[in-house]
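A.B. asks: Per the working numbering, residue 16 is the first one in the sequence shown, and the count goes up by one each step.
For every residue, glycine included, the Cβ atom is placed at its ideal position computed from N, Cα and C.
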Amino acid sequence: MKHIDLIYSVIENYATDGVYLYDIKKDYTYLSDRWKSLLGYEAKELSDEFHTWEKLLHPGDFDRITNINQQLIKGEINSIDMNFRMIHKNGNTIHIMSKGQLIRDEHGEPNYVIGIHQDISEIRKKELNYDTVLNFIPESILVLKDRKVMYINDNGRELLGLKDEGFIPERILDALNPVDRGNFISGINDIMLNDNLKIHNDIKVKRRGEIIYLETFTKHVRYSGEDCILIILRDISYRKYIEEELNNKNEQLTMTLNNLQSTQNQLIRQEKLAGLGQLAAGIAHEINNPLGYIISNFETLKTYVSSFDKFLNQIEILLNLLIDKDKENKDKWRKQYDNTRLEYNIDFMKEDIGDLFSDVEDGFQRVSSIVRSLKLFSRADKFEDFTEYDLNDGVSSTIVIAKNEVKYFAEIEADFSDIPVVNALGNQVNQVILNIILNAVHAIKSKGMDSLGKIIIKTYEDGDYVYLSVEDNGSGMDEYTKEHIFDPFFTTKPVGVGTGLGLSIAHTIIVEKHHGDIYADTELGKGTTFTIRLPKIKY
């Protein structure tokens, strides 16, 4: 007790602030005379009891302060540093800054609480004037010290959902999303060290069960003579909503753009196919008309030649009869007849005319085959109709169409299996085959071979599908080219030679329209094999 008496003596003679001491084990309270005078009382007017100061607490701060004191007495915390309001003897409210320390015994158990009270009403009056100004500012303002709230204006209370709930500083940082809280506190520590302005975006705060987004501006300032952090809060929830809407709109626009590009590719493909089909059909029609009457006239000509041949035979019979009757001049008639036949090459023409007719007939058959191929390739009358399609016939007709492009650079070997028909847009599949064959020709040309290249075309079936493979021994492709060959506008051909749409369109036709597949096996410098897979007709 001597030590306690010494403390009392020092307090009474030297302390300028109100001092209090509470002996926890003995439930004894000491309140200095200065402590009592802060509240306007003489020493004898207030008893030294624990609940004396509690009775003088402002009702608005009672629950908060008594709760903190209980934590200190129980040893849950070791010190306090807080501001609160008390009621002066004259009925006015004064503002108290309280600092206290827990003293433990040799066993670590709570023993004493000793602390001071300081009247900071004058300081608070100045701050209240600042409050009036700050409450007119349309920003939400918060001041923190050691992560405790020193000040918050009305807009800040409104923003954080505290306007009608009293001043509860412990809840401010707890309202932050845990991840954001860590980043925010780390930013505060950095500000205290470096005195930098920090801006945090997209901080999530839970307000009355609703998640809002805040943007914060934090700066190191002096407040009430202490180092604090000034925080300006802005609700950017609507901005986030607009950003999300813009992102959604952007995604929709991107999808729309992709659809437009796809539609454009479809239109280009259809225009290309339609133009090619109409061209092929037109050529077939133009060739077929004159070919019809040429073949008809040729048949008539064959009849005429046959008649002339019979006529010549009759003349020779008559000549022999004449010679038999005029034996004296038979040598003369025979010589004259032979000379005439020799002069007009009658014997040679009779011998050669059969070969000429045979060659012409073969030519007619080849022209007719080209015309049929053009018609089969175009199929203009069934441009958008799925019909039974013979892949072997399609390949054969396409080879005929491509022959002029192929013959100077490659030889085609065709190996057709007995495969069933499929349900397809025949002219579009033909277009794909033509594109692959022409790509094979281009690959062979670019390799710069001394001899003709080779294109091997095979058809076969397996399970529910029929297959077409087109193999060439051209330049092949590297991995990057292989990965992008079906991308729109990707091409390895020189500018002005290729559009980069051929294989993209082929992919659309085979995969999207026919539910099949198209892929390439390739090795740089050795060649490429394109394979097309089409589903069989299911009956």
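Just verifying my parser: in three-state terms, what is the DSSP assignment at G515?
C.D. replies: Confidence is the limiting factor: at G515 the pLDDT is only 42, short of 50, which leaves the residue's position unreliable and the question unanswerable from this model.
A.B. asks: Rounded to the nearest angstrom, what separates A521 and K255 at their Cα positions?
C.D. replies: For A521 and K255, the distance between alpha carbons rounds to 43 Å.
A.B. asks: With DSSP run on the structure shown, which of helix, strand or coil describes P550?
C.D. replies: Reduced to three states, the DSSP call for P550 is strand.
A.B. asks: Might you give, ordered along the chain, the residues of its own chain that have their beta carbon closer than 8 Å to the beta carbon of L539, omitting 5 neighbours on each side?
C.D. replies: The residues are S490, G491, M492, D493.
A.B. asks: Please report the distance separating the alpha-carbon of K317 from that of F372.
C.D. replies: Taking the straight line joining both Cα atoms gives about 8 Å.
A.B. asks: Is S155 helix, strand or coil by DSSP?
C.D. replies: Note: S155 maps to strand in three-state DSSP.
A.B. asks: Over what stretch of residues does the beta strand (DSSP E) that includes L36 continue unbroken?
C.D. replies: Unbroken beta strand (DSSP E) run through L36: 33-38.
A.B. asks: Which residues bound the alpha helix (DSSP H) around A439?
C.D. replies: Element bounds for A439: not the alpha helix (DSSP H) but the beta strand (DSSP E), 437-439.
A.B. asks: List the whole-angstrom C-beta distance separating T544 from A535, where the pair is believed to meet the contact cut-off of C-beta under 8 Å.
C.D. replies: Confirmed, Cβ separation roughly 7 Å.
A.B. asks: For a quick check, are the C-beta atoms of L53 and I102 less than 8 Å apart?
C.D. replies: No.
A.B. asks: If contacts are defined as beta-carbon pairs under 8 Å, then L157 and I95 qualify, I think. What distance do you get, rounded to the angstrom?
C.D. replies: 22 Å between Cβ atoms; not a contact.
A.B. asks: Which whole-angstrom value is the C-beta distance of L36 and I135, which I expect to be below 8 Å?
C.D. replies: With a Cβ gap of about 21 Å, L36 and I135 do not count as contacting.
A.B. asks: From the DSSP output, read off the bridge partner residues of F545.
C.D. replies: Partner(s): V485, A535.
A.B. asks: Check I416 in the structure and name its three-state DSSP category.
C.D. replies: Three-state result, I416: helix.
A.B. asks: Helix, strand or coil, according to DSSP, for M97 in the structure here?
C.D. replies: Three-state DSSP puts M97 in a strand.
A.B. asks: For H110, which three-state DSSP category applies?
C.D. replies: If DSSP states are grouped into helix, strand and coil, H110 belongs with the strands.
A.B. asks: Cutting at 7 Å between CB atoms, please list the residues of its own chain near K462, excluding the five before and the five after it.
C.D. replies: Same-chain partners within the cutoff: G489, S490.
A.B. asks: Roughly how many angstroms lie between the CA atoms of E486 and Y253, to the nearest whole one?
C.D. replies: Between E486 and Y253, the C-alpha separation is close to 60 Å.
A.B. asks: With 16 as the cutoff for other CB atoms within 10 Å, does T537 come out buried or exposed?
C.D. replies: With 16 or more Cβ atoms within 10 Å of its Cβ, T537 is classed as buried.
A.B. asks: Spell out the partners DSSP gives A521 in its beta bridges.
C.D. replies: Partner(s): none; A521 has no beta bridge.
A.B. asks: How big is the Cα-Cα spacing for V456 and A429?
C.D. replies: Each residue's alpha carbon lies about 15 Å from the other.
A.B. asks: Going by CA-CA distance only, name the one from I244, E225, R49, I226 that's closest to D233.
C.D. replies: Position check: residue 233 holds Thr in this sequence, whereas Asp was assumed. The shortest Cα separation from T233 among I244, E225, R49, I226 belongs to I244.
A.B. asks: Under the DSSP definition of a beta bridge, which residues are partnered with Q12?
C.D. replies: Past the boundaries of the shown model lies residue 12; the chain is included only from 16 to 554, so the question cannot be answered.
A.B. asks: Where do the ends of the beta strand (DSSP E) carrying F232 lie?
C.D. replies: That run of the beta strand (DSSP E) goes 225-238.
A.B. asks: Do you know how far the Cα of K551 is from the Cα of E403?
C.D. replies: Cα to Cα, E403 sits roughly 10 Å from K551.
A.B. asks: From the DSSP output, in three-state form, read off H358 for me.
C.D. replies: In the sequence under discussion, the amino acid at residue 358 is Glu, which differs from the His named in the question. In the structure shown, E358 sits in a helix (DSSP, three-state: H, G or I).
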